[in-house]
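Beneath this line is the structure, given in structure tokens, with notes to follow.
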Amino acid sequence: MSKKSDVFEKTLELHKSNSKELKSRLIVIENKITNMLTVFKIIQIFLGLLIILIIAYCISTYYLNNYDPLLCCG
């Protein structure tokens, strides 16, 4: 009987250590994913700002190239 309980205890300890190791690995993976999402959000913000700047540049060059001072004065 005691041999069975010893085997059970060793198996239980092994499963506990495996469980702790898996939990720590999951935490590391979760932290990496969180960091990646943060980086992607920052990149998305910069791309949005870049698109706004490109549109503003296109609009400003269009109006500067097509500006005729005689039209506003008659």
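Quick note on the working numbering: the sequence shown kicks off at 36 and runs consecutively. Backbone N, C-alpha and C fix where the C-beta goes; we use that ideal spot for every residue, glycine too.
query: CA-to-CA distance, K55 to K39, given in whole angstroms; result: 24 Å
query: Rounded separation between L84 and I64 - CA only; result: 30 Å
query: Alpha-carbon spacing of G109 relative to N100, whole angstroms; result: Low confidence applies to G109: its pLDDT is 46, below 50, so where it sits in the model is not reliable, and the reading given next is rough at best. So the alpha carbons of these two residues sit roughly 19 Å apart.
query: Rounded separation between L72 and L82 - CA only; result: 15 Å
query: Simplified DSSP state of N70, which is helix, strand or coil; result: helix
query: Residues near K51 by beta carbon distance below 6 Å, same chain, minus five either side; result: none
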